């Protein structure tokens, strides 16, 4: 019989998981993550209490806040809610505000630690009116329409004869350079020819522009050509060939060609 000497082979005891460093590292990591999540989502110190609005004129602060608050509040399971500053998405709020208020030209949404959200806006200013068929809209300097308006509410009315799709507020309906030319024509007629022109008709492709004058005759311009030279030609014709007393019954002055035509 073979005898096994005592003490040569020992049964190795298993270490308890509580003595495992990796286990405690994981526990600490989970605890830290939970604490950070709680601070981010539910800490009273980071809950938004104020939504401030500045720069608004026609749009009220209440209208802005009523749209923003639902975007601020987040819902979790078991009916738990949070208004944490860290969960707010300024870009998303900005998109919603611009969709809801076409009259906003510039908009900034900022998170201010620890509990505030600021909304800074600049509203569009009406340069004139843009009209299509029987509807008129306020038009800003960028050529964007932003609210319906009555035709008699502006010193500049641009009537469009161009085919259009669906009319939507916040949409650009006329190029800035085209609008700038129309404003230049209006200003030059007033300052140099002493003739007021309030109503302009813009035809297809932004090329032909008709200006209806206060003397009940029209001036035809080619916006693809040199508008400044066309204005000089108009001034010369009015001065040399069509003084005030000869404009009775005048129907139009056509400046679109190398020679000026009138009737």
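In this note's numbering, the protein residues as written are 32 to 294. The C-beta atom is built at its ideal place from N, Cα and C for all residues, glycine as well. The structure displayed is predicted, hence computed values, not measured ones.
With the cut-off set at 8 Å, would you say residue i and residue j are in Cβ contact?
i	j	result
residue 228	residue 185	no
residue 144	residue 98	no
residue 150	residue 84	yes
residue 134	residue 205	no
residue 293	residue 273	yes
residue 148	residue 79	yes
residue 214	residue 178	no
residue 240	residue 254	yes
residue 203	residue 232	no
residue 111	residue 125	no
residue 171	residue 209	no
residue 87	residue 176	no
residue 269	residue 224	yes
residue 291	residue 285	yes
residue 256	residue 207	no
Can you check which of these residues, the options, is closest to residue i by C-alpha distance?
i	options	result
residue 258	248, 242, 272	242
residue 287	173, 278, 265	265
residue 289	252, 141, 187	252
residue 121	106, 100, 109, 136	100
residue 164	155, 190, 175	190
residue 74	146, 269, 275	146
residue 119	169, 230, 142	142
residue 248	82, 281, 138, 197	281
residue 137	198, 109, 154	154
residue 132	234, 95, 107, 76	95
residue 211	109, 106, 187, 76	187
Looking at the structure shown, is residue i part of a helix, part of a strand, or coil, going by DSSP?
i	result
residue 185	coil
residue 76	helix
residue 192	coil
residue 257	coil
residue 158	coil
residue 112	strand
residue 232	strand
residue 165	coil
residue 278	coil
residue 143	strand
residue 106	strand
Bridge partners of residue i, per DSSP?
i	result
residue 82	148
residue 250	242, 284
residue 175	203
residue 170	159, 176
residue 138	152
Is residue i near the ligand FMN, in the sense that its beta carbon is under 7 Å from a heavy atom of that ligand?
i	result
residue 290	Ligands are entirely absent from the displayed structure, and the ligand FMN is therefore not among its contents.
Would you say the region 173–187 touches the region 109–126, given that touching needs at least three Cβ pairs under 8 Å?
-> no
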